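Before any comments, here is the structure.
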Amino acid sequence: MLWPFFPPVVLVGLQVSCSSSHGSLFRRMGFIKVVKNKAYFRRNQVKFRRRQEGFSIGMDKIYEGQVEVTGDEYNVESISGQPGAFTCYLDADLARTTTGNTVFWALKGAVDGGLSISHSTIQFLGYDSESKEFNAEIHRKHILGQNVADYMRYLMEDEDAYKKPFFQYIQSTVTPDMMEEIIRKLTLLYERTSL
1 MLWPFFPPVV LVGLQVSCSS SHGSLFRRMG FIKVVKNKAY FRRNQVKFRR RQEGFSIGMD
61 KIYEGQVEVT GDEYNVESIS GQPGAFTCYL DADLARTTTG NTVFWALKGA VDGGLSISHS
121 TIQFLGYDSE SKEFNAEIHR KHILGQNVAD YMRYLMEDED AYKKPFFQYI QSTVTPDMME
181 EIIRKLTLLY ERTSL
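Per the working numbering, residue 1 is the first one in the sequence shown, and the count goes up by one each step.
Right, here's the structure in full:
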């Protein structure tokens, strides 16, 4: 048996499931909810319950993940004397693996949350295929919803065009300048909320 205690986790589409070489250890681990806002997939917003065999193993306290929103590439490093971080694999299923797809936002959120997933920044927003460099600032802006704020500012010139996609924001008196603050507050809210 390869993984007797901590089997690897596979991100299937946008569902997180546990796999093992032993059939009785198959257990559903949790879900990553699909929403249209890419900032949802930030570390604290990926709701993932780390359970195995009915008891909590406390891996979330050992491997905290990335705390600050920087957009930089992050990889979980093993801590000596502790069990290794959950090893995960991305199975994109039928999702299109184009740059900036929500599958990669879920991947980024899971990695920032402390899961060990081998990946590169090629499919993240901010990667320039011509210069072969990753711009973390562009990635950070998308995590914090600045692309949505820019689009809101653009549509504010035409009131009818602005009302249709941002009707809920208008009712809640949300302005483009408030987007980053709202997403940071949501991140804290998700962090405090247990599954």
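Beta carbons: idealized from backbone N, C-alpha and C, even for Gly. Predicted model only: the values in this text are computed from it and were never measured.
**Prompt:** What are the boundary residues of the beta strand (DSSP E) that D91 is part of?
**Reply:** To locate residue 91, count along the sequence shown from 1; it is residue 91. That run of the beta strand (DSSP E) goes 87-91.
**Prompt:** N101: which of N75, H142, F134, V69 sits nearest, CA to CA?
**Reply:** For the purposes of this step, residue 101 is identified with residue 101 of the sequence shown, where counting begins at 1. Per the Cα distances, H142.
**I183 classed as buried or exposed, judged by whether at least 16 other C-beta atoms fall within 10 angstroms** = Working through the sequence shown from its first residue, we reach residue 183 at position 183. It is buried - the Cβ of I183 has at least 16 other Cβ atoms within 10 Å.
**Item:** Close Cβ partners of F5 (< 6 angstroms) along its chain, the five nearest in sequence each way excluded
**Value:** In the sequence shown, residue 5 corresponds to position 5, counting from 1. In this predicted model, F5 has a pLDDT of only 36, less than 50, meaning its place in the structure is not dependable; the value taken from the coordinates is given anyway. There are no such residues.
**Request:** Could you spell out the range, first to last residue, of the alpha helix (DSSP H) harbouring E137?
**Result:** To locate residue 137, count along the sequence shown from 1; it is residue 137. Here the alpha helix (DSSP H) through E137 covers 136-143.
**Rounded separation between E77 and A85 - CA only** = As a first step, residue 77 must be located in the sequence shown, where it is residue number 77. As a first step, residue 85 must be located in the sequence shown, where it is residue number 85. Going by the C-alpha atoms only, they are around 8 angstroms apart.
**Prompt:** Do you know offhand how far L107's Cα is from T99's?
**Reply:** If you number the sequence shown from 1, residue 107 lands on position 107. If you number the sequence shown from 1, residue 99 lands on position 99. Cα-Cα distance, rounded: 13 angstroms.
**Message:** Measuring alpha carbon to alpha carbon, tell me which residue in A149, E180, A136 is nearest P165.
**Reply:** Taking the sequence shown and counting its residues from 1, one reaches residue 165 at position 165. It is A149.
**Item:** Limits of the unbroken alpha helix (DSSP H) element including N101
**Value:** To locate residue 101, count along the sequence shown from 1; it is residue 101. Where N101 is concerned, there is no enclosing alpha helix (DSSP H), given that its DSSP letter is neither H nor E.
**Asked** Buried or exposed: where does Q66 fall if 16 or more other Cβ atoms within 10 Å of its Cβ makes it buried?
**Response** Counting from one through the sequence shown, the residue named residue 66 turns up at place 66. Burial call: buried.
**Prompt:** So, helix, strand or coil for Y154, using DSSP?
**Reply:** The residue given as residue 154 occupies position 154 in the sequence shown. Correct three-state label for Y154: helix.
**Request:** Put Y162 into one of helix, strand or coil per three-state DSSP.
**Result:** Position 162 of the sequence shown, counted from the first residue, corresponds to residue 162. Y162 falls in the helix class under three-state DSSP.
**Request:** Would you mind working out which of D160, F104, L144, D93 sits nearest K185, comparing C-alpha positions?
**Result:** Residue numbering aside, residue 185 sits at position 185 when the sequence shown is read from its first letter. Among D160, F104, L144, D93, the Cα nearest to that of K185 belongs to L144.
**Asked** When we look at the beta-carbon of E181 and count the other beta-carbons within 10 Å, is it buried (16 or more) or exposed?
**Response** Here the question's residue 181 lines up with position 181 in the sequence shown. With fewer than 16 Cβ atoms within 10 Å of its Cβ, E181 is classed as exposed.
**Prompt:** Nearest to M179 by alpha carbon, out of Y162, C88, E73, M152?
**Reply:** On the sequence shown, position 179 is the one that residue 179 refers to. Selected option, being the one with the closest Cα: M152.
**Item:** Per-residue burial, L115 [other beta carbons within 10 Å of its own, 16 or more giving buried]
**Value:** As a working mapping, residue 115 is identified with position 115 in the sequence shown. Buried, by the Cβ-count rule.
**Message:** According to DSSP, simplified to helix, strand and coil, what is Y74?
**Reply:** Here residue 74 refers to the residue found at position 74 when the sequence shown is read from its first residue. Y74: coil per DSSP, three-state reduction.
**Request:** Go to Q168, then tell me how far its alpha helix (DSSP H) extends in each direction, as first and last residue.
**Result:** Position 168 of the sequence shown, counted from the first residue, corresponds to residue 168. Taken as a continuous stretch (DSSP letters only), the alpha helix (DSSP H) holding Q168 covers 167-171.
**Request:** May I ask you to list the residues that DSSP assigns as paired with S118?
**Result:** As a working note, residue 118 is residue 118 in the sequence shown. Answer is none; S118 lacks a bridge partner.
**Item:** Secondary structure of E180, DSSP reduced to three states
**Value:** Counting from 1 along the sequence shown, the entry for residue 180 is found at position 180. Correct three-state label for E180: helix.
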